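Engineer: Could you have a look at this structure, given as structure tokens, before my questions?
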Amino acid sequence: MGISLDRRSLIQASLGLTGGLALLRGSPASAAGRPSTNATAAEEPRPWWELGLMADPIMESQLLHFLAGTYSAQSDISEVLDTATRIVAGDDWSWPNEWVRTADRIRAMGDTSLARRHPISAGNAYLRAANYYRAALIHHPEPTHPSVVATGRKAVDAYNKALPLLRIPGTPVRIPYEGTTLPGYFFRAPSARSIAPLLIFQQGRDAWPEESKYVIDAALARGYHCLIVHAPGQGMAIREQGLPFRHDWENVIRPVVDFALCIAGVDSRRIALLGWSMGGALVPRAAAFERRIKILIPNPGVLNWGDSSFEQFNMYFPEVMPLLDSDPQAFDAAMAQLMEQVFLYRWYMKDSMSKHGVSTPSALLFELRRFNNEPVVHRIRCRTLVMDGTAEAFSQGQAQLLFDALECPKDYMLFTAGDTGLLHCQEGAQAVANHRMFDWLDEYL
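So this is what it looks like as structure tokens:
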């Protein structure tokens with residue numbers, strides 16, 4: 001069985017996906033769900049997060065992510081916006097090439113300062129350069145291209161140079177995992193006297209753990225140690241080691257906790273597990289089986305990642321999705337046609353297939369179905385904070401479903417337009433996110 005997608009179908013699908021496909025990170029223009037009216041643009045001001053700088057709305061949401069890095073000194077506004085002006089719409093390679101160009105320039109500034117014995121300036125430059133190298137890989141058109149690993153290594157090298165120069169109390173670590181090791185960093189709280197609580201930070205589908213420096217800084221200031229890890233499907237674990245995402249996330253977190261408990265000064269009775277973005281779907285699964293976790297924070301909380309993904313696919317690809325179960329080969333052929341004509345689909349499908357270790361669109365969707373916390377959510381016993389936003393675009397409604405299904409001590413934290421934290425993972429509102437989350441965490445950890 002086959003399917004023919006005409007130009008109208010392609011346009012409709014393109015408009016749908018760019019409005020907010022669930023699996024993409026960031027906060028697209030449609031995220032706020034503003035009511036449709038006949039008002040002119042002059043009568044209805046554009047929301048603050050709609051930058052209007054890039055033709056591709058997913059790239060624009062990613063741009064907001066890197067602008068937000070200024071909060072933790074991992075980017076500079078001028079450098080981010082200058083890079084954005086050089087990115088050419090319709091050129092698949094423009095995004096990674098321009099970010100690498102910026103990163104190389106900033107790294108060279110760091111090298112010059114280091115050679116002249118200006119360690120603080122050098123460290124600051126390396127920290128920003130590392131972030132820009134990571135930016136190049138968040139929207140890379142070919143995940144298996146040799147430049148991906150090379151750029152990733154540049155990011156790691158720059159970050160590792162920045163840590164001692166800026167006296168950031170972070171140490172690179174290798175966490176044993178199924179016959180290999182996962183790269184990560186342990187940050188020791190400077191104010192910790194003897195033992196102190198530990199925050200394990202888990203990123204999601206696209207961001208690297210190092211991009212969460214604003215959370216790490218806040219945790220260290222409050223006396224919490226931190227442990228971040230390039231888990232399967234993320235960072236260098238997927239790009240250099242080829243380790244894909246897996247639905248049984250307890251088999252990832254268990255060795256991380258094992259490793260943490262061997263670190264001097266970590267209080268085994270006070271371990272918190274924090275998951276951002278897709279991590280909000282992964283960490284509940286882990287906590288259902290890992291009893292050493294005292295506090296669980298999924299942001300946003302997700303009960304069934306597979307269902308959330310399929311809802312979006314069904315909405316935006318109504319002509320294609322019926323083929324998935326009846327004729328997977330026809331589904332793959334139809335998706336190939338879409339990918340050939342629309343860069344956004346081409347990038348997303350290639351990127352997702354790589355991160356999930358599959359080779360076809362149908363295999364990807366079958367794999368996503370396995371990411372479902374419904375059968376195990378009743379096993380979670382630790383106190384849980386479910387975070388959510390009124391403009392959550394990528395797992396809308398899932399946080400409430402998770403909260404309702406939990407049988408453990410629990411709290412629900414909703415961010416709104418009133419506090420500016422309404423977007424996915426409070427993008428662009430790091431201060432308010434830290435303020436509210438850590439006030440809660442201080443009370444229970």
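Using full-length UniProt numbering, the letters of the sequence shown correspond one by one to residues 1 to 445. No residue lacks a Cβ here, since even glycine has one placed at the ideal position from N, Cα and C. None of the values given here were measured: they were computed from a predicted structure.
1. Within 8 Å, do at least three Cβ pairs link the region 399 to 409 to the region 327 to 336?
2. Which parts of the region 104 to 149 are runs of the alpha helix (DSSP H), unbroken and 4 residues or longer, counting only runs that do not cross its ends?
3. Report yes if the C-beta distance between residue 75 and residue 128 is below 7 Å; otherwise report no.
4. Under a CB-based cut-off of 7 Å, is residue 176 close to chain B?
5. Among the candidates 203, 285, 248, 99, whose CA atom is the shortest distance from the CA of residue 85?
6. What are the start and end residues of each continuous alpha helix (DSSP H) run of 4 or more residues lying completely inside the region 64 to 88, in chain order?
7. Can you tell me which residues form a DSSP beta bridge with residue 451?
8. Quick one: residues in its chain with C-beta nearer than 7 Å to the C-beta of residue 287, no 5 flanking neighbours on either side, listed in chain order?
9. Take residue 122 as the anchor and find which of 283, 61, 109, 412 has the nearest alpha-carbon.
10. Determine the DSSP secondary structure at residue 226, reduced to helix, strand or coil.
11. Tell me where the beta strand (DSSP E) around residue 322 begins and ends.
12. Answer yes or no: do residue 306 and residue 372 have a C-beta to C-beta separation smaller than 7 Å?
13. Assign residue 253 to one of three DSSP states: helix, strand, or coil.
14. How many angstroms separate the CA atom of residue 313 from the CA atom of residue 89?
15. Going by the CB atoms, is the gap between residue 230 and residue 196 shorter than 7 Å?
16. At the level of alpha carbons, what is the spacing between residue 173 and residue 95?
17. Between residue 354 and residue 144, how many whole angstroms is the CB-CB distance? I'm expecting something under 8 Å.
18. In whole angstroms, what is the alpha-carbon distance linking residue 203 and residue 254?
19. Which ranges would you report for the beta strand (DSSP E) in the region 175 to 237 if only whole runs of at least 3 residues count?
20. Shortest alpha-carbon distance to residue 161 belongs to which of 113, 208, 137?
21. So what's residue 439 in DSSP terms, helix, strand or just coil?
22. Considering Cα atoms alone, identify which of 428, 154, 52, 437 is closest to residue 69.
23. Based on Cα-Cα distance, which residue from 356, 243, 406, 182 lies nearest to residue 303?
24. Please classify residue 206: is it buried, with 16 or more other beta-carbons within 10 angstroms of its beta-carbon, or exposed?
25. Quick one: what does DSSP say residue 352 is sitting in, helix, strand or coil?
26. Check residue 59 in the structure and name its three-state DSSP category.
27. If you run the structure through DSSP and keep just helix, strand and coil, what is residue 268?
28. Using only CA atoms, which one of 218, 368, 106, 257 lies nearest to residue 436?
29. Using the three-state DSSP reduction, which class does residue 52 fall into: helix, strand or coil?
Structural biologist: Short version:
1. no
2. 119 to 138
3. Your numbering for residue 75 matches position 75 in the sequence shown. Your numbering for residue 128 matches position 128 in the sequence shown. Taking 7 Å as the Cβ cut-off, residue 75 and residue 128 qualify as a contacting pair.
4. No chain B is part of this structure, which consists of one protein chain only.
5. One-based indexing of the sequence shown puts residue 85 at position 85. Nearest option by C-alpha distance: 99.
6. With a minimum length of 4 residues, the continuous alpha helix (DSSP H) runs that stay inside the region 64 to 88 are 77 to 86.
7. Because the chain here runs from 1 to 445, residue 451 falls outside it and cannot be looked at.
8. Along the sequence shown, read from residue 1 onward, the residue named residue 287 stands at position 287. Here residue 287 has 273, 293, 296, 380, 382 as same chain residues with Cβ atoms under 7 Å from its own Cβ, once five neighbours each way along the sequence are excluded.
9. Counted from its first residue, the sequence shown places residue 122 at position 122. Out of 283, 61, 109, 412, 109 has the C-alpha closest to the C-alpha of residue 122.
10. Against the sequence shown, residue 226 aligns to sequence position 226. Correct three-state label for residue 226: strand.
11. Position 322 of the sequence shown, counting from 1, holds the residue named residue 322. Note, residue 322: premise wrong, no beta strand (DSSP E); not H, not E.
12. Within the sequence shown, numbered from 1, the residue matching residue 306 stands at position 306. Within the sequence shown, numbered from 1, the residue matching residue 372 stands at position 372. Yes, the Cβ-Cβ distance between residue 306 and residue 372 is below 7 Å.
13. For this step, residue 253 is matched to residue 253 along the sequence shown. Assigned with DSSP and collapsed to three states, residue 253 falls in helix.
14. Numbered from its first residue, the sequence shown carries residue 313 at position 313. Numbered from its first residue, the sequence shown carries residue 89 at position 89. Between residue 313 and residue 89, the C-alpha separation is close to 24 Å.
15. Here residue 196 refers to the residue found at position 196 of the sequence shown. Here residue 230 refers to the residue found at position 230 of the sequence shown. No; because the gap between Cβ atoms is not below 7 Å, this pair is not in contact.
16. Numbered from 1 along the sequence shown, position 173 holds the residue referred to as residue 173. Numbered from 1 along the sequence shown, position 95 holds the residue referred to as residue 95. Roughly 31 Å between the two C-alpha positions.
17. If you number the sequence shown from 1, residue 354 lands on position 354. If you number the sequence shown from 1, residue 144 lands on position 144. Sure, about 7 Å apart at Cβ, within 8 Å.
18. The residue given as residue 203 occupies position 203 in the sequence shown. The residue given as residue 254 occupies position 254 in the sequence shown. Cα to Cα, residue 203 sits roughly 16 Å from residue 254.
19. 180 to 187, 196 to 202, 225 to 229
20. Counted from its first residue, the sequence shown places residue 161 at position 161. Nearest option by C-alpha distance: 113.
21. Along the sequence shown, read from residue 1 onward, the residue named residue 439 stands at position 439. Looking at residue 439 - three-state DSSP - the assignment turns out to be helix.
22. The residue labelled residue 69 in the question sits at position 69 within the sequence shown. Taking only the C-alpha atoms, the option nearest residue 69 is 428.
23. As a first step, residue 303 is located in the sequence shown; it is residue number 303 there, counting from the start. Nearest option by C-alpha distance: 406.
24. As a first step, residue 206 is located in the sequence shown; it is residue number 206 there, counting from the start. With 16 or more other Cβ atoms inside 10 Å of its own Cβ, residue 206 counts as buried.
25. Here residue 352 refers to the residue found at position 352 of the sequence shown. Of the three classes helix, strand and coil, the one that applies to residue 352 here is helix, per DSSP.
26. Position 59 of the sequence shown holds residue 59. It is helical.
27. Indexing the sequence shown from 1 puts residue 268 at position 268. The three-state reading of DSSP puts residue 268 in strand, counting E and B together.
28. Locating residue 436 in the sequence shown gives position 436, counting from the first residue. Of the listed residues, the one whose Cα sits closest to residue 436 is 218.
29. Sequence index remark: in the sequence shown, residue 52 carries index 52 (1-based). In the structure shown, residue 52 sits in coil (DSSP, three-state: anything other than H, G, I, E or B).
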